[in-house]
Each structure stands twice: as structure tokens, then as C-alpha cells.
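Numbering (this note's numbering), first residue to last: 10 to 149. Heads up, the thing below is written out as C-alpha cells.
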Amino acid sequence: MRTSMFLLATLLPVGAAQALAQATDEFVARETAVWQAVKDKSLDAFMAALDTGVVAVYADGIHTRAAEVASVRQVNLRSFTLTEFATRHLDPGTTLLTYRAIVAGDAGGQDFSGTYWVSSLWRKAGGQWKTVFHTEVKAR
């Protein structure tokens, strides 16, 4: 019996760690898919990832969902690399994702290429995960 309890006690953390790694991978995939939608100019896929009340904060101000979609229409994202992911599961229905993005592109004739620190807040509602908050800060 002691051996069984020991095995159970040692295997539970391994299972929990695997579940956490899988959840992190799922959010990295979701976030990467949003960036790919922008690069591919797939507005339907981009909009599908956004909550109706999404708020985004950038150097030019605070964007609503409509402003975010209008902004993305003008983006020419040539390449992106996302690294240094950190995932924080705030509760079963809310996950904060932070990471570094290295991008090349322009919008409205302005080059925005560079390195950015990014965060997105995902919330599950109606069985679907949606972005409710997003921000990007150019790295120094």
C-alpha cells in the first residue's frame, strides 16, 4: 500500500506538469494562429479570435474591436517570430500569455519592424476561447 501511495504521489505532479505544458502549447498555437491570420490577411480568422468586447493598447491609443479590425486591414506583416512564451492560468476560464515578437512589416506606409513585448488575455465563454485584451510594447 505504501508503494502505491508513493507512486501515486510521484506520478500526480508529472501528470499535472504534462497537462500544464499541453495547455501552454494550445495557447501558443492560438496566439500564433492570430498572427498568421494577420500575415495572410485572413480577416475572418482574425476576427474569430477576438471577443466582441476586446480591448487592445498600442502606442497610438486604445483600440476597440472595430478599431483593431480596421487597423489590421492596413497591415502588411511580412514575417514574425514569437518566442519566450510564459503562460499564467489565472482561473479555469482565463489565461494570460506573454511573449516576445520579432516582426517585419508596415502599415499605412509606416515601417513597424522590430522586437516587441506582447501580452494577450484569453477568456473562455460559450465553450470558445477568445482574446479579450492585447498589447504590444516596442522593446528597447
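C-beta: ideal position from N, C-alpha, C; glycine also. Bear in mind that the values here come from a model prediction, so they are computed numbers and not experimental data.
Look at the Cβ atom of F94, then the Cβ atom of K48, and state whether they are nearer than 8 Å. Along the sequence shown, read from residue 1 onward, the residue named residue 94 stands at position 85. Along the sequence shown, read from residue 1 onward, the residue named residue 48 stands at position 39. Not closer than 8 Å, so no.
- Query: Across which residues does DSSP place K50 in a beta bridge pair?
  - Reply: Residue 50 sits at position 41 when you count from the first residue of the sequence shown. The bridge partners DSSP lists for K50 come to none.
Which same chain residues, not among the five before or five after L17, have their C-beta less than 8 Å away from its C-beta?
Indexing the sequence shown from 1 puts residue 17 at position 8. Residue confidence is low: L17 scores 45 on pLDDT, short of 50, so the model does not pin down where it sits. No coordinate-derived value is stated.
Tell me the DSSP secondary structure of Q83 in three-state form. Along the sequence shown, read from residue 1 onward, the residue named residue 83 stands at position 74. Of the three classes helix, strand and coil, the one that applies to Q83 here is coil, per DSSP.
Spatial neighbours of G136 in its chain, beta-carbon cut-off 7 Å, leaving aside the 5 residues before and after: Taking the first residue of the sequence shown as position 1, residue 136 is located at position 127. Excluding residues within five positions, none has a Cβ falling inside 7 Å.
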